[in-house]
Every structure is written in C-alpha cells, then in structure tokens.
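This report concerns only the one structure given below.
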Amino acid sequence: MGFFCPFFFSFSALQVSRALSVSPASAFTSVSAKMAALLPFSVPNNNNPESNPFVSSGRTQFGSVRISCSTAKMGKIDDTHLRLVNSVKTNATFRLNASRESMESLLNLKMSGKESLTETGYEKELFDEMKHRFLNFKRLRYLQQLDHFQKLANIQEPKFMIVSCADSRVCPSNILGFQPGEAFVVRNVANLVPPFENEPSETSAALEFAVNSLKVQNLLVTGHSRCGGIRALMSMEDEGDSSSFINKWVAIGKNARSITKTAASNLGFDRQCRHCEKESVNQSLMNLLTYPWIKEKVIKGSLFIHGGYYDFVNCTYEKWTLDFKESDVEEGGGCTIKDKECWM
Ligand SMILES: [Zn+2]
1 MGFFCPFFFS FSALQVSRAL SVSPASAFTS VSAKMAALLP FSVPNNNNPE SNPFVSSGRT
61 QFGSVRISCS TAKMGKIDDT HLRLVNSVKT NATFRLNASR ESMESLLNLK MSGKESLTET
121 GYEKELFDEM KHRFLNFKRL RYLQQLDHFQ KLANIQEPKF MIVSCADSRV CPSNILGFQP
181 GEAFVVRNVA NLVPPFENEP SETSAALEFA VNSLKVQNLL VTGHSRCGGI RALMSMEDEG
241 DSSSFINKWV AIGKNARSIT KTAASNLGFD RQCRHCEKES VNQSLMNLLT YPWIKEKVIK
301 GSLFIHGGYY DFVNCTYEKW TLDFKESDVE EGGGCTIKDK ECWM
C-alpha cells in the first residue's frame, strides 16, 4: 500500500473516545461572510493567496450561528440518576484513578521494539485503555446528561450530514465538536461523493437516508491536508490499476485531478496534491447535485451544501457554501461559492 498510510488503524489517534470529551466547538460560531462568488472549478495559475479561491485569506469571521446543545440539560440529575452515578463511582472495575499509559505511549513502545509486553498483553492494554475511556464517557457525559441521551435513544435529528475522509487524523466529531446526535457522518477514502449514476455505495446510501429520512439541513463535504487518497488519485495511471480497490474508488475524483493537472501544472507534486484535495471537494459538491432529491431540496432552499478543508499541519479550517442557482447551470455558467471563511 506504500504511502497510503491513513488505512492504518491507529490507536494513538483513537478518535472515538476523544470525541466524547471535546466540548462543543467554538469553531461553529461562524457564518456572516463576504461573498466570494468564485467558480469552484477555476483555479488561477499563480500562488497568490489573495487570488486563489482555495488559499486562506487569513481573515477569520464570526457570526451568530451555533450548533445548539439546548436539549441537553447539563447537570440536571434526579435521585435515580444520582444512584446510578454513585454506583458507577464505587465500581471496583471503573479504574478512574488508576495509573494509565496512553495508547500513544503503548504504540510507541511497541514500535520501538523495546516492549516487554507479550502480544496478548499488549492487545489487552489497548482495550483496557479503550474501556477506561468509555467508562469515563459514561460517568462524565452520559450519566450527567441522562435526559438528553435518553431522548437520543428514541430519535436522532441531526442538522448536518458530513462526508469525511477515513484518515484517523481527521475525525469530524473531534475537530468540529459535533456531539452525539448532531451530525450523521459517513467516512470514506478521500471524502469522495460519487455521482448519482454510479453503482450503489455506502456513501450514496448514507446520503439517501440523511436527506430523505433524517431530513438534514446541511451537507458538508470536508477534505484535509496530506490526504493519502488524493495522493493515490494524483499518482495513478490514467486508467488506474484495475486490481486495486483504492484506485478504482479514488478514480471518482478523476475530473478534479484533470483540472488540477491543468490549472496547477506549474506547481510541484505535493502542492498539486494539496490543490486537488480542495478541488475534489468541489467536485463532490457538484456530484451531490446529480442526486435528484438533493437538487430539488437545494432549489427549494431546504438543504444547503457546504465544502470544508482541514489543514492539520497548521490547524486551520476553511469553510464555504455552494451558491446554486439552476439558471446558472442551464446557462453553462457553473456554480459559485459564497460565505468562504478560514478559521485559524
Ligand atoms: Zn484523506
């Protein structure tokens, strides 16, 4: 698999429990924005951040939109709940105060070849840590917000559906602070959305459920820096390796690759990949509009399509919104984007 390291299941980046301990993100206090109105597929042939629609302007804007956690009654616990909490606190297996080694340390130890743990002991330590994190979540979050989590047990009403990469470093709940119930998430290699005409995929199925059943109001496709899937897309031969599931999947982004190769031909390979990481997000936004039930809702104004890009090297997040007007496409003008922001 070579460079395609994101496929490793890294316990050091075990996002499941980390996400549970992240407070609602202040990053979502956003949205008033200057209209950017840029063609998503047009890319200038220079490196000037001010003229490149995909490069941060360095401007950060904050508005009034916030993901609401109002249904969670923080700290409201009745007697029954208190008994539950107390029973957990006194459970000998709970290990809240136990000395523990992080999974990252364990992984480093394993990688260094100096470990004295047996293979079985090593695996047990990993799951002991996972157990500790889960029980910590249960005590500090679930039981403290029992009313909220019991409502969630009956119904989910997420406002967002997220399409994100499977890369272990880019868990959207962790980075953007989505709490349980707030975002319906599908993750795949290189955060690609196949067009409607393609064979069924888990991403298409997730879109159908989120849009038609859950009736989410926002679709957010979020890319990221140093994406191994995009690197595979940019590296592969034109026809791809038919024996590789990876190549066959990332070929969905071949239009983004072609646009990048043309528009950013003066850049080195790494920077072309960075360019394509964003271009492929825009390609996916356009692919979303090939789903008739998505397009219909976007035209009606009951569904909004957004792009995002997480740079984990500099820890910045870019966000933009598709400004879709059917007449624009009919006239061959393509789509524009608006409300472009960079959170840094
Ligand atoms: Zn990726």
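Position 192 of the sequence shown, counted from 1, bears residue number 192 in UniProt numbering, the numbering being contiguous throughout.
Where is the CB? At the ideal position from N, CA and C, for every residue including glycine.
Counted within 10 angstroms of its Cβ, other Cβ atoms place residue 249 as buried (16 or more) or exposed: buried
Among 325, 300, 131, nearest to residue 217 - alpha-carbon criterion: 300
Simplified DSSP assignment, three categories, for residue 38: With a pLDDT of 32 at residue 38, under the threshold of 50, the modelled position of this residue cannot be trusted; read the value that follows with caution. Strand.
Local conformation of residue 343 per DSSP, three classes: strand
Cβ shell of residue 313 (< 6 angstroms), same chain only, five flanking positions each side left out: 225
Beta-carbon proximity of residue 171 to residue 190, cut-off 8 angstroms: no
Residue closest to residue 289, alpha-carbon to alpha-carbon, out of 157, 143, 277, 197: 197
Where residue 61 sits in the DSSP three-state scheme: Only weak support exists for where residue 61 lies, its pLDDT of 35 falling under 50; the value from the coordinates is given anyway. In this structure, residue 61 counts as coil in the three-state DSSP scheme.
Helix, strand or coil at residue 273 according to DSSP, with G and I counted as helix: helix
Lining residues of ligand 1 - beta-carbon closer than 5 angstroms to any non-hydrogen atom, in sequence order: 165, 167, 227, 229
Buried/exposed call for residue 271, threshold 16 Cβ in 10 Å: exposed
At least 3 beta-carbon pairs within less than 8 angstroms: the region 173 to 184 vs the region 228 to 237: no
Residue 153 to residue 181 span [Cα, whole Å]: 9 angstroms
The region 313 to 325 / the region 247 to 266 touching (three or more Cβ pairs under 8 angstroms): no
Three-way DSSP call (helix, strand, coil) for residue 185 in this model: strand
Cutoff 7 angstroms; reference residue 273; Cβ partners in own chain excluding five residues on either side: 230, 231, 234
Residue environment, residue 49, which counts as buried when at least 16 other CB atoms sit within 10 Å: Here residue 49 scores only 35 on pLDDT, less than 50, and its place in the model should not be relied on; the value that follows carries that caveat. It is exposed - the Cβ of residue 49 has fewer than 16 other Cβ atoms within 10 Å.
Run of the beta strand (DSSP E) containing residue 301, from where it starts to where it stops: It is not in any beta strand (DSSP E) - residue 301 carries neither H nor E in the DSSP assignment.
Burial state of residue 200, where buried means 16 or more other Cβ atoms lie within 10 Å: exposed
Nearest-angstrom Cα separation, counted from residue 185 out to residue 214: 12 angstroms
Alpha carbon of residue 76 to alpha carbon of residue 335, nearest angstrom: For residue 76, the pLDDT reaches just 37, beneath the cut-off of 50, and the residue's location in the model is therefore unreliable, leaving the point undetermined.
Rounded straight-line distance, which links the Cα of residue 219 to that of residue 135: 32 angstroms
Proximity below 8 angstroms, CB of residue 246 to CB of residue 192: no
C-alpha gap between residue 145 and residue 291, whole angstroms: 38 angstroms
Segment limits, alpha helix (DSSP H) that includes residue 164: Segment 160 to 165 is the beta strand (DSSP E) holding residue 164; no alpha helix (DSSP H) there.
Simplified DSSP assignment, three categories, for residue 218: strand
Other residues of its chain near residue 277: CB distance less than 6 angstroms, five sequence neighbours each side excluded: 223, 227, 230
DSSP-derived helix/strand/coil call for residue 155: coil
C-alpha gap between residue 326 and residue 129, whole angstroms: 52 angstroms
Backbone secondary structure at residue 248 - three-state DSSP: helix
6 angstroms Cβ shell around residue 142 - same chain, five flanking residues per side excluded: 149
Local Cβ density within 10 Å of residue 183, reported as buried at 16 or more and exposed below that: buried
Assigned exposure category for residue 283 - 16 Cβ within 10 Å defines buried: buried
Assigned secondary structure, residue 142 (DSSP; H/G/I helix, E/B strand, else coil): helix
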